[in-house]
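First comes the structure, then the notes that go with it.
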Amino acid sequence: MIKLRRLRLVILPAGSIDTQEKYGFDIPFHSGLNIVAGQNSRGKSTIGSSIYYALGMEELLELGAMNEKALGKALKKEFETTNPETGEITAHRVLKSRILLEVENDRGEVATISRLINSSEFDTKGNDLKTKKALILYSAIADFNKDMRSQPLFIRNFNNNTDDYGFYHWLADFIGLDLPEVVNNSAKGRSPLYLQAIFSALFIEQTKGWSEFLATIPFFGINKAKEKVIEFLLNLKELAISTERDDIDREETRLSKKWDQTVARLDGLAAELNGNIKELPDKITSDQDSLKIISLMVLDEADQREKSVGALRNKYESELNLLMLSPVKKVGENKEHIRVRLEELYGIQIDFMKKYEEFDINLNLQKSQYNNISKHLANISKELVAQKGIKNVIEESILITDVYDKCPTCHQTVSDDLMKSEGVNIEKYTLDQNISYLAGQQGMIKSSISSLRTIIEEKELMRKYYLNKQRQLEEEIKVILRELIDDDRDYSDVDSLKRVRLEKEVNDLKYAEMRFERYILGLNEVAAEYQLLLARKDKLESSVAEDKLTLTNFETVFKNNYLFPFGYDSNQPGNIFIQSEEPFKYFPVFKFNSQSELPQSIKTNSSASDFVRTMWAYSLSLLVAGKNHPGLLLLDEPGQHSIRSQNLQTLFEASAKIKDRQVIILTSVQKVLITENDKPVDKLDLDTLLLKLKVDEDYHIYRLPDTGKSIVRLPIN
Amino acid sequence: MIDVKLDIKPIPVPLRYQPIYKIVMLLAVLRFGCARPYAATFLKLHLYMWALRSNENQQILTAIKTKTRDSVVPWVFEPALDQVITLAVINGFCTRDIRGNDLQIELKEKGQEFLTKLEGLGLFAEDISRVKDIGVVPQSTIAAVNKKWELH
Numbered sequence: 008m009i010k011l012r013r014l015r016l017v018i019l020p021a022g023s024i025d026t027q028e029k030y031g032f033d034i035p036f037h038s039g040l041n042i043v044a045g046q047n048s049r050g051k052s053t054i055g056s057s058i059y060y061a062l063g064m065e066e067l068l069e070l071g072a073m074n075e076k077a078l079g080k081a082l083k084k085e086f087e088t089t090n091p092e093t094g095e096i097t098a099h100r101v102l103k104s105r106i107l108l109e110v111e112n113d114r115g116e117v118a119t120i121s122r123l124i125n126s127s128e129f130d131t132k133g134n135d136l137k138t139k140k141a142l143i144l145y146s147a148i149a150d151f152n153k154d155m156r157s158q159p160l161f162i163r164n165f166n167n168n169t170d171d172y173g174f175y176h177w178l179a180d181f182i183g184l185d186l187p188e189v190v191n192n193s194a195k196g197r198s199p200l201y202l203q204a205i206f207s208a209l210f211i212e213q214t215k216g217w218s219e220f221l222a223t224i225p226f227f228g229i230n231k232a233k234e235k236v237i238e239f240l241l242n243l244k245e246l247a248i249s250t251e252r253d254d255i256d257r258e259e260t261r262l263s264k265k266w267d268q269t270v271a272r273l274d275g276l277a278a279e280l281n282g283n284i285k286e287l288p289d290k291i292t293s294d295q296d297s298l299k300i301i302s303l304m305v306l307d308e309a310d311q312r313e314k315s316v317g318a319l320r321n322k323y324e325s326e327l328n329l330l331m332l333s334p335v336k337k338v339g340e341n342k343e344h345i346r347v348r349l350e351e352l353y354g355i356q357i358d359f360m361k362k363y364e365e366f367d368i369n370l371n372l373q374k375s376q377y378n379n380i381s382k383h384l385a386n387i388s389k390e391l392v393a394q395k396g397i398k399n400v401i402e403e404s405i406l407i408t409d410v411y412d413k414c415p416t417c418h419q420t421v422s423d424d425l426m427k428s429e430g431v432n433i434e435k436y437t438l439d440q441n442i443s444y445l446a447g448q449q450g451m452i453k454s455s456i457s458s459l460r461t462i463i464e465e466k467e468l469m470r471k472y473y474l475n476k477q478r479q480l481e482e483e484i485k486v487i488l489r490e491l492i493d494d495d496r497d498y499s500d501v502d503s504l505k506r507v508r509l510e511k512e513v514n515d516l517k518y519a520e521m522r523f524e525r526y527i528l529g530l531n532e533v534a535a536e537y538q539l540l541l542a543r544k545d546k547l548e549s550s551v552a553e554d555k556l557t558l559t560n561f562e563t564v565f566k567n568n569y570l571f572p573f574g575y576d577s578n579q580p581g582n583i584f585i586q587s588e589e590p591f592k593y594f595p596v597f598k599f600n601s602q603s604e605l606p607q608s609i610k611t612n613s614s615a616s617d618f619v620r621t622m623w624a625y626s627l628s629l630l631v632a633g634k635n636h637p638g639l640l641l642l643d644e645p646g647q648h649s650i651r652s653q654n655l656q657t658l659f660e661a662s663a664k665i666k667d668r669q670v671i672i673l674t675s676v677q678k679v680l681i682t683e684n685d686k687p688v689d690k691l692d693l694d695t696l697l698l699k700l701k702v703d704e705d706y707h708i709y710r711l712p713d714t715g716k717s718i719v720r721l722p723i724n
Numbered sequence: 031m032i033d034v035k036l037d038i039k040p041i042p043v044p045l046r047y048q049p050i051y052k053i054v055m056l057l058a059v060l061r062f063g064c065a066r067p068y069a070a071t072f073l074k075l076h077l078y079m080w081a082l083r084s085n086e087n088q089q090i091l092t093a094i095k096t097k098t099r100d101s102v103v104p105w106v107f108e109p110a111l112d113q114v115i116t117l118a119v120i121n122g123f124c125t126r127d128i129r130g131n132d133l134q135i136e137l138k139e140k141g142q143e144f145l146t147k148l149e150g151l152g153l154f155a156e157d158i159s160r161v162k163d164i165g166v167v168p169q170s171t172i173a174a175v176n177k178k179w180e181l182h
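This is the structure we're talking about:
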């Protein structure tokens with residue numbers, strides 16, 4: 008919290024021999040409402056800009072203007088004084104000028120900021136040499152003495168917001184602000200939320216300042232600077248959690264990717280076995296129990312039913328055991344049996360061949376499709392490169408295109424439209440349209456190629472499985488055929504073949520099972536990590552809920568205490584909200600209802616005077632509701648546009664109620680506010696506006712002299 | 031009644047109808063497909079343009095150059111060549127002169143500079159290098175092979 012106590016300008020005039028001859032002003036400030044009143048061109052702005060300058064905020068006066076350059080000439084070059092008795096005007100030149108600002112914080116510390124405006128020492132370019140520094144004197148102006156502690160600080164050095172010698176660092180410290188770190192594009196990473204950015208919400212400059220919220224915010228490369236300032240002033244958690252949020256988003260993407268990869272492997276495994284995966288969650292989950300029921304289902308050829316890998320392996324194993332126990336049969340004993348089996352095998356083979364043929368045709372079709380599309384893609388890529396080349400030729404203007412219509416020999420028109428000569432007479436795309444059209448085509452083809460490629464890869468695996476099966480069938484048929492003509496006394500081979508095959512099958516399934524288990528384990532790991540991530544996210548959500556509450560309170564204060572009492576009538580209270588999301592995040596918006604996702608700018612939905620009322624209300628709400636607000640608000644000429652005097656009165660009264668903070672209003676004394684048919688119908692009369700308030704109790708006022716300017720001869724102390 | 035209205039929609043312009051691309055190709059043929067003084071007849075330009083249409087066509091012209099074949103397959107003219115040449119002439123890249131009994135198109139200094147600039151920027155590098163791959167095929171060879179057409 009900061010409170011201004013006294014502002015003193017001291018100018019030493021050039022050419023004076025009297026060392027006591029000093030000019031300037033000396034204005035006291037108090038808690039609560041302070042009014043600096045004066046007619047136009049009496050020097051109100053001089054006082055306002057002196058405050059900006061003393062606090063190192065001159066950038067907010069004029070964007071990009073630094074140091075004494077931002078100030079008017081009365082403070083640094085020449086000024087006039089008027090003799091109050093004779094009305095005689097004397098011009099003076101400035102030899103040296105200095106501004107002193109006495110401030111106090113809520114820890115009770117008092118300091119005076121002393122900053123030169125004109126040191127009469129200049130560099131070759133005419134820049135003042137000493138205005139980039141400020142001197143902090145740890146004493147009130149009235150108690151200046153030789154022994155007081157002082158400290159010079161730099162306003163324009165590199166790390167002025169963080170370094171111990173930096174003025175803004177000192178000021179933030181004095182106010183008691185802990186400046187947060189924010190993402191900054193210019194600083195390649197992070198930077199503090201600069202104090203100058205924060206003050207753009209505190210100091211409303213008289214012209215630009217009323218055109219937009221935080222209109223004078225300087226550009227420091229801070230990402231979404233206005234949002235950050237409001238987040239800071241209202242002490243929203245969002246400011247701290249935005250990095251965490253980024254982190255979580257990145258982590259979530261990584262885990263999803265890992266999940267998808269594992270699922271793709273599982274699918275590959277299923278394709279190899281011509282099976283499928285059951286009960287697989289369709290997206291990443293943290294529920295590890297749901298992973299327990301995932302199973303790999305494979306078709307059992309014997310009864311054409313799907314079984315889990317484990318079940319099928321068990322079945323084969325028991326068959327194998329049975330086979331091992333039974334004695335080896337002779338060919339003769341087996342003949343009947345193998346004949347039946349042969350019939351069966353032929354049937355299976357025919358079915359199988361049919362299926363395989365269909366599958367193979369399909370696969371080949373897709374392969375040739377893939378080749379075609381790839382060729383097409385190559386063509387398009389080539390065209391795209393060339394069209395971009397043409398664009399470059401035009402952009403580099405190596406070719407003059409606008410001489411096309413005058414042939415040097417025949418002086419006839421020559422069109423550069425080559426399609427016309429082929430009889431095509433239709434509107435054509437421009438080069439840029441052409442390029443974006445081709446780029447679109449390229450993107451589309453690329454995506455279809457990649458999905459086609461995955462399908463083909465999967466089918467290749469299935470094809471291997473089919474071929475394998477076919478070979479097995481053929482082998483068995485061959486053995487049976489041979490055995491049918493063998494001697495009946497020989498040992499039968501069919502059973503040994505069956506045994507070998509079963510052994511292989513069991514091994515294959517075992518291996519598949521192992522792989523399956525490993526992938527599921529992988530999914531489990533991802534799920535566990537995901538669970539931790541969700542917990543982090545939950546924590547984030549609770550901060551978000553807290554923020555929501557803060558914003559709701561802020562909205563209530565904004566609407567009920569200020570906006571509508573100020574006479575805002577462009578919209579109904581039910582349509583005005585403080586927006587909690589993009590766009591216009593944290594600023595008032597117009598919406599049809601609270602659920603509407605189409606917020607509209609309050610500026611375009613309000614009359615000019617109602618926007619000024621909105622600005623008053625927003626600034627005051629920030630002052631009273633902002634936990635991190637420095638507690639100072641400066642409004643320069645709030646009687647903008649056609650504001651009604653009655654509303655200005657409400658503004659003064661509302662500001663006067665804020666006792667524990669400081670509001671400084673610079674205002675005219677008399678001013679026509681609304682004219683109709685060239686006749687004034689409403690005018691500002693300060694004394695009437697302040698009628699209900701008690702001077703020195705509800706407000707403090709400093710009136711500029713009726714004649715002459717704000718800069719007068721200072722009394723000898 | 032259903033009222034059917036047809037809106038004419040603008041269409042994309044394929045590369046082979048882009049005048050600047052064609053001019054570049056014309057200049058490249060003159061510069062890298064012809065001997066000094068970088069001049070060619072319409073017949074030669076048409077044949078080169080046809081050769082640049084596809085890899086198969088290009089192979090045929092390359093075979094003619096290396097004398098491994100002495101005939102051409104049925105080929106087509108470049109319909110826009112006349113207009114492209116006019117555009118190039120307007121830009122001062124080449125001239126049309128009658129030399130002997132033939133109308134010849136000759137590359138001028140400005141055209142050469144234009145090509146150098148393009149190469150400096152790396153533009154159309156692939157297309158220009160295709161012309162370079164074919165290289166110079168003498169006028170007389172082209173006239174001779176054109177008398178003999180074969181289907182393959």
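Top line first, the protein sequences correspond to chains A and B.
Numbering of the first sequence is given in my numbering, commencing with residue 8 and proceeding in unit increments.
Numbering of the second sequence is given in my numbering, commencing with residue 31 and proceeding in unit increments.
A virtual CB, placed ideally from N, CA and C, is assigned to each residue, including glycine.
- Contact check between the stretch 538-550 of chain A and the stretch 312-319 of chain A: fewer than three CB pairs, one atom from each, fall below 8 Å, which does not count as touching.
- For a Cβ distance threshold of 9 Å, nothing in chain A lies close to residue 102 of chain B: the least Cβ distance comes to about 23 Å.
- Of the residues assessed, residue 184 of chain A falls on the buried side of the cut-off, its CB having 16 or more other CB atoms within 10 angstroms.
- For the options A:134, A:115, A:105 and A:205, the alpha carbon positioned closest to that of residue 121 of chain A is the one of A:105.
- Between residue 56 of chain B and the set B:102, B:150 and B:72, the nearest pair of CA atoms involves B:72.
- Within a 10 Å sphere around the beta-carbon of residue 636 of chain A sit 16 or more other beta-carbons, which makes this residue buried.
- Not flagged as an interface residue toward chain B: residue 385 of chain A, since no C-beta distance is shorter than 8 Å.
- Rounded to the nearest angstrom, the Cβ distance from residue 90 of chain B to residue 103 of chain B is 6 Å, consistent with a contact under 8 Å.
- If you ignore the 5 residues before and after residue 75 of chain A, its C-beta comes within less than 6 Å of the C-beta of 83, 124, 135 and 138, all in its own chain and listed in chain order.
- With a 10 Å radius around the Cβ and a threshold of 16 neighbouring Cβ atoms, residue 702 of chain A comes out exposed.
- The stretch 358-373 of chain A makes contact with the stretch 469-484 of chain A: 3 or more CB pairs, one atom from each, lie closer than 8 Å.
- Under the criterion of beta carbons closer than 8 Å, residue 572 of chain A and residue 657 of chain A qualify as touching, at roughly 6 Å.
- Annotation: residue 46 of chain B is outside any beta strand (DSSP E) and is labelled neither H nor E by DSSP.
- Looking at the DSSP output, residue 623 of chain A bridges to nothing.
- Chain-order list of chain B residues neighbouring residue 393 of chain A: 45, 48, 51, 154 and 157, by C-beta distance under 8 Å.
- For residue 433 of chain A, the chain B residues whose Cβ falls inside 8 Å of its Cβ are 38, 40 and 41, in order along the chain.
- At the C-beta level, residue 338 of chain A and residue 499 of chain A come within 8 Å of one another.
- Residue pairing of residue 125 of chain A in beta bridges, as defined by DSSP: A:104.
- Partner residues in a beta bridge of residue 576 of chain A, as assigned by DSSP, do not exist.
- Within the stretch 67-92 of chain B, no residue places its CB atom closer than 9 Å to a CB of chain A.
- Shortest Cα-Cα distance from residue 297 of chain A to any of A:610, A:527, A:78 and A:713 involves A:527.
- Inclusion of residue 36 of chain A and residue 669 of chain A in the CB contact set at 8 Å is warranted, their separation being smaller than that value.
- Within chain B, the C-beta atoms nearer than 8 Å to that of residue 390 of chain A come from 44 and 45, in chain order.
- In this structure, residue 199 of chain A lies away from residue 101 of chain A, with their beta-carbon atoms at least 8 Å apart.
- Within the same chain, and ignoring the five residues on either side of residue 162 of chain B in sequence, the residues whose Cβ sits closer than 7 Å to its Cβ are 62.
- Closest in alpha carbon position to residue 49 of chain A, among A:722, A:720, A:719 and A:715, is A:715.
- Assignment of beta strand (DSSP E) within the stretch 588-666 of chain A, counting only whole runs of 3 or more residues, yields 595-597 and 639-643 in chain order.
- At a cut-off of 8 Å, the C-beta of residue 400 of chain A has a neighbouring C-beta in chain B.
- A straight-line Cα-Cα distance of about 54 Å links residue 107 of chain A and residue 540 of chain A.
- In the structure shown, residue 295 of chain A adopts coil according to DSSP, grouped into three states.
- A Cβ-Cβ distance of about 57 Å is found for the pair residue 60 of chain A and residue 293 of chain A, leaving them out of contact under the 8 Å criterion.
- A check of alpha carbon separations from residue 376 of chain A across A:295, A:459 and A:300 identifies A:459 as the nearest.
- The beta-carbon of residue 441 of chain A is placed less than 8 Å from the nearest beta-carbon of chain B.
- Taking 8 Å as the threshold, the shortest C-beta distance from residue 113 of chain B to chain A falls below it.
- Secondary structure at residue 315 of chain A: strand, using DSSP grouped into helix, strand and coil.
- With fewer than 16 other Cβ atoms inside 10 Å of its own Cβ, residue 492 of chain A counts as exposed.
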